[in-house]
Amino acid sequence: MKRLLVIAAAAMTLLAQAQNFPGTKPITFVVPFAAGGPTDRVARDLAEAMRAPLGGAIVLVDNAAGAGGSIGANKVAKASPDGHTLLLHHIGMATMPTLVRNIPFKVDSDFEYVGMINDVPMTLISKPSLPANNFKELTAWVLANKDKVNLGNAGVGSASHLCGLLYQNAIQVDMATVPYKGTAPAMTDLMGGQIDLMCDQTTNTTSQIEGKKVKGFAVTTSKRLTTAALKDLPTMQESGLKGFEVTIWHGLYAPKGTPADVLAKINTALKTALKDPEFIKKQEGLGAVVVTDKRVEPAEHKKFVAAEIAKWSPIIKAAGVYAD
Ligand code: ASP
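My numbering puts the sequence shown at residues 1342 to 1665.
Written out as structure tokens, the structure is:
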């Protein structure tokens, strides 16, 4: 009896929260990577764009970085399901289950899917002093320096890890990798010449390529990009890496058990933000494409993530790289 009363009280609390949501408490977007990086950039722009549609609620960003994105994801999986703690994650939701053997949560059953935000190309970049000025010269340099060349990434399970893995596989060179808590700190080291190469989202690399702080060699999409700073970069495929295509995406997730009407309010606010001309302009300037299709719907986004898991799992397994 006592247990039933406790359950009933908890249900009533959730109902009251749903009615008041978002109330006066701030909403937090947990970003599983370091501040100042590409996922963080998307989160901060989206936080601003969702503020008005959420009735003026304050939307904070919490960088719970580390372990390739799994620390932040786990934090949200275990958070109170009241709509105030949300996860803003990327393709790692689909690659982590294969790349990391023992993640402490389940991407399909520990989250409510809110919707997808954008598609983001990646770029292969190097330290500014690397003596190569195009993809062919880069490959020649890598082959000549096989034993000492290194590649930065945001840890096993991250997008930069996946992209770097595909690159190493394509050119058949096993490089030393340097894991960071996100590609913001990795970018600092790349610009400073402490590491040689990195593959990262355009939301982090566009202005650095434009400002010649790093060298850009190729984009990972199947077609060239139209963004001014990136339009001269060839695709990996036209550079000779047959079938090389990887596009990163970002989505919004809530802890399992978040009430349906709270989720509906967040999804409506997300859709409004994705139509905000300011948000669209900022994203386009960074090479990202804001989602306008049905993947913004929770069920469709979940289907898309499941399809991405099915797409990447055999590729990752064939490359044979996992972490515990
Ligand atoms: N670009 C990172 C990654 O490789 C994540 C980040 O720092 O936002 O997944």
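Beta carbons are placed, not taken as given, at the ideal position from N, Cα and C, and that holds for glycine.
Rounded straight-line distance, which links the Cα of residue j to that of residue i
i: I1650; j: F1362; result: 33 Å
i: F1374; j: N1486; result: 30 Å
i: N1404; j: G1598; result: 23 Å
i: A1384; j: S1411; result: 17 Å
i: L1471; j: M1528; result: 15 Å
i: V1632; j: N1510; result: 30 Å
i: G1493; j: P1469; result: 14 Å
i: P1643; j: L1395; result: Reading the sequence as shown, one finds Lys at residue 1643 and not Pro. For K1643 and L1395, the distance between alpha carbons rounds to 23 Å.
i: L1627; j: R1442; result: 33 Å
i: I1512; j: T1480; result: 8 Å
i: Q1578; j: L1429; result: 30 Å
i: N1608; j: A1388; result: 13 Å
Top-ranked residue by Cα proximity to residue i, from the options
i: R1392; options: S1470, A1418, H1502 and T1365; result: T1365
i: I1657; options: I1432, T1439, T1369 and V1631; result: T1439
i: N1571; options: V1519, L1401, C1504 and E1551; result: The displayed chain sequence assigns Leu, not Asn, to residue 1571. Measuring from the Cα of L1571, the nearest candidate turns out to be E1551.
i: P1655; options: K1623, A1435 and D1541; result: A1435
i: D1617; options: I1458, Y1454, P1596 and V1417; result: I1458
i: G1581; options: G1498, S1501 and N1475; result: N1475
i: D1668; options: P1367, I1368 and G1661; result: Not covered by the structure: residue 1668. The range shown for the chain is 1342 to 1665.
i: L1503; options: D1451, I1432 and P1367; result: I1432
i: E1586; options: L1574, L1507 and F1645; result: L1507
Endpoints, beta strand (DSSP E) assigned at residue i
i: L1401; result: V1400 to N1404
i: H1431; result: T1426 to H1431
i: V1519; result: A1517 to P1520
i: N1415; result: Premise fails: N1415 lies in the alpha helix (DSSP H), S1411 to A1418, not in any beta strand (DSSP E).
i: L1492; result: N1491 to N1494
Enclosing alpha helix (DSSP H) for residue i [first to last residue]
i: M1454; result: In the sequence as displayed, the identity of residue 1454 is Tyr instead of Met. Taken as a continuous stretch (DSSP letters only), Y1454 belongs to no alpha helix (DSSP H), being part of the beta strand (DSSP E) at F1452 to S1467.
i: A1375; result: Taken as a continuous stretch (DSSP letters only), A1375 belongs to no alpha helix (DSSP H), as it is neither H nor E.
i: Q1509; result: A1500 to I1512
Bridge partners - residue i, DSSP secondary structure assignment
i: P1596; result: F1452
i: T1369; result: L1401 and T1426
i: V1630; result: D1460
i: Q1624; result: Answer is none; Q1624 lacks a bridge partner.
i: D1541; result: T1464
Contact test: residue i Cβ vs the ligand FAD heavy atom, cutoff 7 Å
i: D1515; result: With respect to the ligand FAD, the structure shown offers nothing to examine, as its ligands consist of the ligand ASP.
For this session: Would you list, in sequence order, the uninterrupted beta strand (DSSP E) runs of no fewer than 3 residues that lie entirely inside the region 1551-1600?
Result: Restricted to the region 1551-1600, the beta strand (DSSP E) segments that are unbroken, complete and at least 3 residues in length are 1556-1560 and 1588-1596, listed in chain order.
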